[in-house]
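If you're matching positions, the sequence shown starts at 137 in the numbering used here and goes up one per residue.
Heads up: the structure comes next, in structure tokens.
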Amino acid sequence: MCEYTAKDYKKGQPRWCPGCGDHFFLASLHKAMAEIGVAPHSIAVISGIGCSSRLPHYMNTYGMNTIHGRAAAIATGCKVANPQLAVWQVSGDGDGLAIRRNINLNMTLLNNRIYGLTKGQYSPTSPRGFVSKSSPYGTVEDPFRPAELCFGARGHFFARAVATDAAGTIDILKAAYNHKGASVCEILQNCVIFNNGTHDMVAKKEDRARNAIYLKHGEPMLFGENNEYGLVQEGFGLKVVKLGENGITEKDILVHNAHCEDNTLQLKLALMEGPDFPIALGVIRDVEAPTYDEAVEAQIAEVSAQKKYHNFEELLMTNDTWEVK
137 MCEYTAKDYK KGQPRWCPGC GDHFFLASLH KAMAEIGVAP HSIAVISGIG
187 CSSRLPHYMN TYGMNTIHGR AAAIATGCKV ANPQLAVWQV SGDGDGLAIR
237 RNINLNMTLL NNRIYGLTKG QYSPTSPRGF VSKSSPYGTV EDPFRPAELC
287 FGARGHFFAR AVATDAAGTI DILKAAYNHK GASVCEILQN CVIFNNGTHD
337 MVAKKEDRAR NAIYLKHGEP MLFGENNEYG LVQEGFGLKV VKLGENGITE
387 KDILVHNAHC EDNTLQLKLA LMEGPDFPIA LGVIRDVEAP TYDEAVEAQI
437 AEVSAQKKYH NFEELLMTND TWEVK
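Encoded structure:
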């Protein structure tokens with residue numbers, strides 16, 4: 137395998153606002169692709185509409201801007217038509233929350249809780265009561281939660297990272313690539329113009345130590361600046377405990393199982409919110425399952441083997457033929 141650097145995947149000059157989280161994610165994506173090692177000509181990046189969806193223009197790969205809400209459909213067709221391509225779908229929270237199949241492609245959702253390109257309307261992930269240009273008196277509905285939608289659609293891979301955390305972002309992108317099937321990565325990123333500070337709880341490293349938990353398969357769910365807190369099960373829910381208090385030891389702490397087919401606990405982890413619970417980062421769910429594109433490819437091969445024809449000319453010859461003179 138050839139060795140690549142992040143520079144091999146770079147193209148053009150990004151046209152995002154200074155400080156936009158998209159810059160951080162793009163840099164992490166370049167580095168992740170270099171570490172994965174797939175050739176640029178074997179990659180396709182498909183996006184929809186919005187600020188985040190400009191990203192294919194800055195990738196030295198195949199790429200396509202599609203229409204609003206249809207990135208997943210185009211990415212699905214791309215992967216089914218050419219299974220050899222590594223397909224990455226990049227959408228924003230407004231553009232990306234629709235259409236799912238277990239296609240072997242990588243979906244990234246850059247969630248800044250706002251419509252940025254259209255100048256500051258509230259998005260499907262904006263919190264209740266959020267004041268924006270399209271909701272001057274505050275929104276009157278609860279937001280979509282990407283994890284909930286992914287799990288509800290029987291998703292088999294869900295991970296989350298913060299755009300300003302390059303190492304954490306690269307880790308989940310590599311895990312998403314190695315997952316066989318549809319992967320969904322939610323990237324918490326900032327919009328400095330229309331929704332500045334929306335993820336301040338976890339934007340900085342020191343804040344993540346206090347307000348986030350990095351989940352790793354097979355390891356106890358510990359967090360805090362000195363790993364002094366942990367998660368235990370209480371009834372049908374979760375509870376934050378402190379090691380050393382009330383006789384709590386590390387043996388009492390839940391161990392993360394990203395490969396468990398039953399997603400009950402994984403969903404609870406993905407839906408944790410501050411200030412009572414830490415925000416879950418890392419690979420939350422990673423379960424093997426048959427993929428749609430492989431099933432279609434196998435079906436085509438099986439049906440083709442049973443047919444008497446393998447191209448259009450042979451198909452014509454299977455019927456009665458005559459010559460007109």
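Glycine included, each C-beta is placed from N, C-alpha and C at the ideal position.
This structure is a prediction, so every number in the text was calculated from the model and none was measured.
Check	Outcome
Inter-stretch contact at 8 Å, needing at least 3 Cβ pairs: the segment 170-188 / the segment 197-214	yes
Nonlocal neighbours in the same chain, by C-beta distance under 8 Å from Gly354, ignoring five residues either side	Val391, His392 and Asn393
Inter-stretch contact at 8 Å, needing at least 3 Cβ pairs: the segment 284-301 / the segment 221-230	no
Same chain, Cβ closer than 6 Å to Ala168, five either side skipped, listed in chain order	Ile306, Leu309 and Lys310
Cut-off 6 Å between Cβ atoms - residues of its own chain near Ala345, not counting five sequence neighbours on either side	Glu361
Expected contact under 8 Å - CB spacing of Ala163 and Tyr145 to nearest Å	About 10 Å separates the two Cβ atoms, so there is no contact after all.
Cβ distance (whole Å) where Pro263 is taken to contact Asp229 below 8 Å	So it is not a contact: roughly 12 Å between Cβ atoms.
As assigned by DSSP and simplified to three states, the class of Tyr145	helix
CA-to-CA distance, Ala431 to Asp336, given in whole angstroms	43 Å
Nearest-angstrom Cα separation, counted from Tyr251 out to Ala234	Summary for Ala234: the model assigns pLDDT 48, below 50, so the residue's position carries little reliability; its value from the coordinates is reported in the next sentence. Cα to Cα, Ala234 sits roughly 16 Å from Tyr251.
The segment 407-427 / the segment 276-294 touching (three or more Cβ pairs under 8 Å)	yes
Contiguous alpha helix (DSSP H) assignments of at least 4 residues, all confined to the segment 289-362	302-314, 336-339 and 341-347
Cβ pair Glu429, Pro219 closer than 7 Å	Checking the sequence shown, residue 429 turns out to be Asp, not Glu. Going by C-beta atoms, Asp429 is nearer than 7 Å to Pro219.
Option nearest Leu324 by Cα separation, candidates Leu417, Leu405 and Ser440	Leu417
Asp422: first and last residue of the uninterrupted alpha helix (DSSP H) it sits in	Segment Ile415 to Asp422 is the beta strand (DSSP E) holding Asp422; no alpha helix (DSSP H) there.
Cα-Cα separation, Lys340 to Asn447	59 Å
Residues bridged to Tyr198 (per DSSP)	Ala180
For Glu449, the first and last residue of its enclosing alpha helix (DSSP H)	Phe448 to Met453
Local conformation of Lys404 per DSSP, three classes	helix
Short Cβ contact (7 Å threshold) for Cys321 with Thr244	yes
Proximity to Glu381 [Cα-Cα], best of His395, Tyr365 and Cys396	Tyr365
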